[in-house]
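Chains as they are written, first to last, in numbering that gives the first Met the number 0: chain A, 0 to 337; chain B, 0 to 337; chain C, 0 to 337.
Quick notes on the structure that follows.
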Amino acid sequence: MFTFRTLGIYHWTWNHRPLLYLECESLRRHRHMLNYVVYERMLFVFPYAPGDYIPNPNYRFMPQGLYYNPYTEPRQVWWQYPQDSGGRYRAMAPQRLTFVLVHGSWADAHFWDGVAAVLRNQGNIVYTPEYAGHGSDPNKNVTHDMITNSVVDYIKHLNLHDFILVGHSFGGTVIQKVAEQIPDRIKRLVFWDAFVLKDGESVVDELPPQTKKGFEQLRAMSNDDTIMLPFDLFPALFVNTATTEDAKLFYTSVAPEPAKPLFEKLDLKAFYALQTPKSYVYFYQDNVMPQGEGYGWNPHMSMRLGLFRLIVGDGDHFTDTRTRPAYLAQKIYDATRD
Amino acid sequence: MFTFRTLGIYHWTWNHRPLLYLECESLRRHRHMLNYVVYERMLFVFPYAPGDYIPNPNYRFMPQGLYYNPYTEPRQVWWQYPQDSGGRYRAMAPQRLTFVLVHGSWADAHFWDGVAAVLRNQGNIVYTPEYAGHGSDPNKNVTHDMITNSVVDYIKHLNLHDFILVGHSFGGTVIQKVAEQIPDRIKRLVFWDAFVLKDGESVVDELPPQTKKGFEQLRAMSNDDTIMLPFDLFPALFVNTATTEDAKLFYTSVAPEPAKPLFEKLDLKAFYALQTPKSYVYFYQDNVMPQGEGYGWNPHMSMRLGLFRLIVGDGDHFTDTRTRPAYLAQKIYDATRD
Amino acid sequence: MFTFRTLGIYHWTWNHRPLLYLECESLRRHRHMLNYVVYERMLFVFPYAPGDYIPNPNYRFMPQGLYYNPYTEPRQVWWQYPQDSGGRYRAMAPQRLTFVLVHGSWADAHFWDGVAAVLRNQGNIVYTPEYAGHGSDPNKNVTHDMITNSVVDYIKHLNLHDFILVGHSFGGTVIQKVAEQIPDRIKRLVFWDAFVLKDGESVVDELPPQTKKGFEQLRAMSNDDTIMLPFDLFPALFVNTATTEDAKLFYTSVAPEPAKPLFEKLDLKAFYALQTPKSYVYFYQDNVMPQGEGYGWNPHMSMRLGLFRLIVGDGDHFTDTRTRPAYLAQKIYDATRD
C-alpha cells in the first residue's frame, strides 16, 4: 500500500503530441507492472509511437497550447528517476525556423496573433507584415503591386533570408508575386487555403459567377472602391465551425477590403518558372470556395503548384486562428518540411 | 505531503468537449504549480482553448454521451473553491432549440432514436415525424406529395414554429418540399448527406446509370411497387464503417421502400426562391453516392443551396445514428448556428 | 476518507478503442457517484458508445499499439469486483483472418513489417509476398505477368485459401491480375491508395501528362530499364506527413523500379467480371496522384470497383506503415468486413 505526494501536474506538447506530466513521490516503491511504471515522475504522451523515446522536457520550449496530432500512435509512459532531487529534464530543441505570415482579405496582421504566439513559443522567429490598404493604413486606394511591394519592402528592410513565406486566402496571390521579386530569400512557400492564380488571372476569375456578381454589386455600393463583407455571409462562409459568439467576435475585425486588387489580372509567368519548394495546407471544412466541380482550394488550385507538399486539416477558413492556433501552427510547421 | 479523498470522478461534455471532473479533497493545500492547480475540485477538458473559461457544470444539462470535438484546443484545468462545503457548481444553460428530424428511405422515425435522446438530454425539444408509406403505415402506395403532407400536417398539428428542420438522405427532398409550404415556421434547414434536387429532378436522376438500373429492376420485382434493399448491398453502401454485427442489426429495421416517390420529378421552383438559412452536414466516409465526378452529396448537391453553412464529419450514411449519436447530434447542432 | 493502493496502470486497445486500465484497491468502499464507480478495478475506454459493454480484457489479445478510432463514442467506466483476488479478466477473441499483403513500386516486402506485426499481434495470419524484380531479386527485367505469377505461385505454394488480398499503390494492379487467376481462393480484395486500372490501361495512363513525361525521362536515363525515384520528389509525394528524418529513413529502402510493368497495358476483362467482394481504403493526405479533376485514388479509381466498401483515413501514401502501423492495420481490418 502507498500514499503519494503530488508535486504538480503539467500539460505540454512534445514532438507534436500532448504530454501529461505528473510529478509525484511515492512513500513506497511500486513494483513494475507489465510495461508500465509509476514512479517519481510520470509522463504520458498521447498518441505514442511504439518504441518511441520521449526526451526530457524543458519547460522553456514547450508550446502553450495543446493540440491533437493524429499522425503518430500513443505511447504508454516514460519515467525517469534522477539521482538528485534538483535534477530537471532537458529538452531537445526543435528546429528553429523563420516565418513570414501574409494575411488575406478582410484581415490585418492581428489575424496571425495566435499562430505567431505558438510558433514563437516553439522557438521560431515570426514576422507578420501588414500590407498596403489594410490594418492601420487609411488609404484603401491600393493596387496589387502596392500590396506586394509592402511585403517585399518589409522583408528587405529587415533583411530577412531563408524564411518560410506563408500566404492565406488572398495572401496566396501576394506571396506568388513576392516570390517573383525575391526568390533567393525564400526557403519555401506555404499556401494555406490560399489562391494560386494562373498566369493572367484575377481573384474574381476563380469565384463562381454568382459570387463574382455579388462582389461587383458590393463594390459598386461603396464610396471608396472597397468591398465590405456583409455579416449575413460571414458565419456561413468564413467561420462555419465557430460558435455564434466567436463568429461575432471575428466579425469585429473585418474591415472594408480594397476592391481593385481582387479584380486585377496578374502576370505570373515568372512565378511559374520558380524552383522554390512549395506546400499547400488544406482545411477540409473551408467552404469559402465551392469544394469541387471546377472550383476550390484543393486540388483545383493546389495542383497548379506542380510538385508540392500537401497537408490536410479539418478546420475552416478563419476559425482556427483563434480557437486552435496550436493546431494550425502545427499544420503550417508540418508543411515546412524539406 | 498529502493524501486526498476522492469523492467522485465524472465524465461529461462541456461546450462540445469532453470534460473529466475529479472531485476530491486534499488534507493539505497544494502549492501552485505553474499554471496548474490541484484543489478541492479539478476539471479537465480536452481539447481546450487557451484563455478559455469553463463554466460551472450543472449535472442536469450535461449530455450523457461523450464525443471528441477536434475544433478547440485543450485546456489544462479549471478550479473553484467555494466558501461552503455544500456549494455546487451551476451551469450555463446551452441554447435550447427545437428540432424536427426527417428520416430517409428504408428507415422510420426510430432512425433518430439515439440522436434525439442526446439532443433532448442537452435540453432541446426534438420531434421525429414518421411519414406516409413508412414505419407503422401499412400503405406503401404513396406519392412524394403524401409524404410531404405527412410532415407538414404533423408540424401544423403540433403548431411548431422556429424549429430546425433536418433531413437525411431522401429526407432532403422531403424538407425541400416541406419548406416550400411552411417557410415562415422554419428557422433553418439542415441537410445531412441528403438529396438537394434541382428543379424538375427525381432522386433516381442523381444516381449513376448502373444504380438507377438496379432500382428499376428491384422495383419491377416487387408486388407492391416497392424497392427492398438487398442485404448484399447494405453493409458496403449504408454502414461501411460498422462492424458486421452492427450491419446485421441495422438491417433488421430496413423495410421495403415505396418506389414512386424516388422516381417522381419534383417542382422545386418555390424552394429555390426561399431565403431560409441552410446548412449541409457531410460525412466523408459516406459512399452511398459516388464521391465526385458529377455525383455525390458534397459539393455536388450541397452547392445548389447557394449560401450554406458546411459541417464535415468522418462517418458514413447510417452507422453513427447508433454508434456515435452524440457525435452526430453535435454535428447537427453545429450546423444550426446562425 | 480513503487512500488507495495502485497495483498497476495499463494502456490497451479494446474493440478498436484505447483502453486505460487502473488496477487499484481502496481501503474503504466508495459510495456510488452518479453513473461512475471507483472500485477495485477501473477501465476507461475512449471514445465509448452509450450502452456499450466492455468485455474482460485478456492481455494476450491486446494489440501492442494504441490508436485513436473516432467511430465510437466514449464510455465512462466499467468495473468488476471479482469474489476472489486471483480473478482475472478474460477476453473475447477477435475474428482471426488471413491476409496477403502486396506492396507497390519502390518497395519490397519489408514495406509491411509494421502493419503485419500489428495484425499478427491481433491473432491474424499475415503473408507478405515479394514479387519479381523487387527486394532480393537481382533481375529487374520483369514484366507485369512475371510479377503477378510471383504472387500467384506464392499463394499456390502455401496453398492459401479464404484470405484477404491487399494491394497498395502499384500493388493494386497486381491484385487485379492475381484475382483473375485464382478468384476462388480470395475472400475479399482490399485496395489501399492503389491503382484500379480500366481494361486496356497502363499505370502511366493514370498519371498527369507532366508526371508521365518525367517517368519516361527517368526510364530513358537508366541502364537497366528502371525508374529511380529522385529524392527531391520523395518527401513531397510519398511521405508528406512525415518528418524530414523519417523521410530520409524511408528513402533508404527505395530501390530502382522496373519500368516495363508501369507502361504495360493490361487486359482486365476477366477482373471486371469477378464477383469477389471489394474494398477501398483511401487516405486523404495521399497526394501521389492529384486528388481530383480526372485523377486520383478516390473516387476516380475506386468507383471502377462498382459496389465496394469505402474506408477513409487521414494518412499519406507511405508514412503510416512506420509511424502508425496500428492505425493503418485497423483501417485495413475495417475494410475486410463482409
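The C-beta atom is built at its ideal place from N, Cα and C for all residues, glycine as well.
Between residue i and the rest of its own chain, which residues show a CB-CB distance below 6 Å, the 5 nearest in sequence each way excluded?
{"i": "C:E129", "result": "D107, A108"}
{"i": "A:W105", "result": "L228, V253, E256"}
{"i": "C:V287", "result": "L236, H316"}
{"i": "C:D285", "result": "D192, D315, H316"}
{"i": "C:A241", "result": "T318"}
{"i": "A:Y153", "result": "P128"}
For residue i versus residue j, is the C-beta distance shorter than 9 Å?
{"i": "A:K186", "j": "A:F162", "result": "yes"}
{"i": "C:L188", "j": "B:D315", "result": "no"}
{"i": "A:I146", "j": "A:P255", "result": "no"}
{"i": "A:A272", "j": "A:R218", "result": "no"}
{"i": "A:P324", "j": "A:V99", "result": "no"}
{"i": "C:T225", "j": "C:P234", "result": "no"}
{"i": "B:V101", "j": "B:V151", "result": "no"}
{"i": "C:K176", "j": "C:F270", "result": "yes"}
{"i": "C:H299", "j": "C:G312", "result": "no"}
{"i": "A:I181", "j": "A:K155", "result": "yes"}
{"i": "C:T97", "j": "C:H143", "result": "no"}
Run through chain B and tell me which residues come within less than 8 Å of residue i, C-beta to C-beta.
{"i": "C:V311", "result": "Y283, Q284, D313"}
{"i": "C:M300", "result": "Near C:M300 there are no residues of chain B at all, since even the closest Cβ is about 11 Å away, more than 8 Å."}
{"i": "A:Q329", "result": "Simply none; closest approach about 10 Å."}
{"i": "C:D333", "result": "T240"}
Could you tell me the alpha carbon to alpha carbon distance between residue i and residue j, rounded to whole angstroms?
{"i": "C:F282", "j": "A:G103", "result": "30 Å"}
{"i": "C:F317", "j": "C:D245", "result": "11 Å"}
{"i": "B:F190", "j": "B:V165", "result": "6 Å"}
{"i": "C:E179", "j": "B:W296", "result": "34 Å"}
{"i": "A:D192", "j": "A:V202", "result": "13 Å"}
{"i": "A:L267", "j": "A:G199", "result": "7 Å"}
{"i": "B:N222", "j": "C:G122", "result": "47 Å"}
{"i": "A:V117", "j": "A:Y279", "result": "20 Å"}
{"i": "A:T320", "j": "B:D112", "result": "36 Å"}
{"i": "C:D183", "j": "C:F230", "result": "41 Å"}
{"i": "C:S25", "j": "B:T322", "result": "Low confidence applies to C:S25: its pLDDT is 34, below 50, so where it sits in the model is not reliable enough to give any reading."}
{"i": "B:R110", "j": "B:T127", "result": "The sequence shown places Phe at residue 110 of chain B, not Arg. When rounded, the distance between both Cα atoms is 9 Å."}
{"i": "A:G132", "j": "A:K197", "result": "24 Å"}
{"i": "A:K139", "j": "A:Y332", "result": "33 Å"}
{"i": "A:K330", "j": "A:H167", "result": "13 Å"}
{"i": "B:T251", "j": "B:D136", "result": "17 Å"}
{"i": "B:H160", "j": "C:A328", "result": "49 Å"}
{"i": "B:L265", "j": "C:G213", "result": "50 Å"}
{"i": "C:T210", "j": "C:D204", "result": "10 Å"}
Mind checking which residues open and close the alpha helix (DSSP H) that includes residue i?
{"i": "C:L118", "result": "112-120"}
{"i": "C:V177", "result": "170-180"}
{"i": "A:T97", "result": "A:T97 -> not in any alpha helix (DSSP H); beta strand (DSSP E) instead, spanning 97-101."}
Identify the contact partners of residue i in chain B, using a Cβ-Cβ distance below 9 Å as the criterion.
{"i": "A:L232", "result": "L306"}
{"i": "C:R303", "result": "Within chain B, no residue comes near C:R303; the closest Cβ sits about 11 Å away, beyond 9 Å."}
Given residue i, which residues of its chain have a CB within under 8 Å of its CB, disregarding the five upstream and five downstream residues?
{"i": "B:V238", "result": "D245, A246, F249, D315, H316, F317, T318"}
{"i": "A:R95", "result": "G122, N123, I124"}
Taking C-beta pairs closer than 7 Å, name the residues in chain C that residue i reaches, listed in chain order.
{"i": "A:N297", "result": "Q290"}
By the DSSP assignment, the beta strand (DSSP E) with residue i in it spans what residues?
{"i": "A:R218", "result": "Taken as a continuous stretch (DSSP letters only), A:R218 belongs to no beta strand (DSSP E), being part of the alpha helix (DSSP H) at 208-220."}
{"i": "B:T147", "result": "Element bounds for B:T147: not the beta strand (DSSP E) but the alpha helix (DSSP H), 143-156."}
{"i": "B:K259", "result": "Segment 259-262 is the alpha helix (DSSP H) holding B:K259; no beta strand (DSSP E) there."}
{"i": "A:K197", "result": "A:K197 -> no beta strand (DSSP E), and no H or E assigned at all."}
{"i": "A:L273", "result": "Careful: A:L273 lies outside any beta strand (DSSP E) and carries neither H nor E."}
Counting only the same chain and skipping the five closest in sequence on each side, list residues whose C-beta sits under 7 Å from that of residue i.
{"i": "C:F307", "result": "K277, S278, Y279, S301"}
{"i": "A:L304", "result": "V195, K277, Y279"}
{"i": "A:P207", "result": "P289, Y294"}
{"i": "B:G134", "result": "D107, A108"}
{"i": "C:A334", "result": "V189, S278, V280, R308, I310"}
I want to verify the contact list: residues of chain A whose CB lies under 7 Å from the CB of residue i, in sequence order.
{"i": "C:A235", "result": "L306, F307, R308"}
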